[in-house]
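What follows is one structure encoded as structure tokens, with my remarks underneath.
Set out below in structure tokens:
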């Protein structure tokens, strides 16, 4: 399974980054109102069995403390009893002040390097090919991503990040699967054990 990261930062940290200098250590504290906001009691809702059945795909698999999404809103299940659920739609860091200790080691300015950095941050892989044509960008993805069901959702987050970061207009993701001969696949699948004593036919 591959894990994807959706990168978002609070406004207070973003303001600090905009003024920060390279190779300088920073230790800052962001108050809740500039981080993820104060907790809103009205964002905690109680849903009955019928509402759960209509709005949650598989209510029987809900777990207290786990994430839940209803009507496009993401929250945390804080109570689940007798078919009734209490869901907190506040951000998990709402109401908390945050402390950051960071250093900027490099500023990425070239568009292709910015794209590659975003791709690697999101997928953990740098096996992409990136080509620009003006403001349009074509990205050839590693073959393994084509078999990953989570890639489809991660791609939408990347599209938004690419538009915000490099001003990309048309974004094309190319999914390439190279043809492989059956003999080549069999050779790769055949692994010798050091104690293997069977014979292979050899050409004379």
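Numbering (the numbering used here), first residue to last: 493 to 696. All C-beta atoms in this analysis are idealised placements derived from N, C-alpha and C, irrespective of residue type, glycine included. Just so we're clear, the structure is a prediction, and the values are computed from it rather than from any experiment.
Just checking my contact of residue i with residue j at CB under 8 Å: how many whole Å lie between their CB atoms?
{"i": "residue 535", "j": "residue 582", "result": "5 Å"}
{"i": "residue 657", "j": "residue 610", "result": "6 Å"}
{"i": "residue 620", "j": "residue 608", "result": "6 Å"}
{"i": "residue 502", "j": "residue 518", "result": "No, residue 502 and residue 518 are not in contact; Cβ-Cβ is about 15 Å, not under 8 Å."}
{"i": "residue 661", "j": "residue 625", "result": "Not quite, the Cβ-Cβ distance comes to about 10 Å (not below 8 Å), so this is no contact."}
So the candidates are the options; which of them puts its Cα closest to the Cα of residue i?
{"i": "residue 672", "options": "641, 622, 648 and 635", "result": "635"}
{"i": "residue 512", "options": "614, 596 and 603", "result": "596"}
{"i": "residue 588", "options": "526, 551, 655 and 652", "result": "526"}
{"i": "residue 616", "options": "532, 637 and 592", "result": "637"}
{"i": "residue 547", "options": "576, 641 and 598", "result": "576"}
{"i": "residue 601", "options": "659, 521 and 508", "result": "659"}
{"i": "residue 599", "options": "509, 505 and 504", "result": "509"}
{"i": "residue 556", "options": "564, 572 and 550", "result": "572"}
{"i": "residue 537", "options": "578, 613, 632 and 629", "result": "578"}
Using the three-state DSSP reduction, which class does residue i fall into: helix, strand or coil?
{"i": "residue 644", "result": "helix"}
{"i": "residue 509", "result": "helix"}
{"i": "residue 504", "result": "helix"}
{"i": "residue 629", "result": "strand"}
{"i": "residue 580", "result": "strand"}
{"i": "residue 658", "result": "helix"}
{"i": "residue 652", "result": "helix"}
{"i": "residue 530", "result": "coil"}
{"i": "residue 638", "result": "helix"}
What does the alpha-carbon distance come out to for the pair residue i and residue j?
{"i": "residue 562", "j": "residue 515", "result": "43 Å"}
{"i": "residue 644", "j": "residue 590", "result": "32 Å"}
{"i": "residue 542", "j": "residue 570", "result": "18 Å"}
{"i": "residue 650", "j": "residue 505", "result": "21 Å"}
{"i": "residue 664", "j": "residue 540", "result": "43 Å"}
{"i": "residue 531", "j": "residue 623", "result": "44 Å"}
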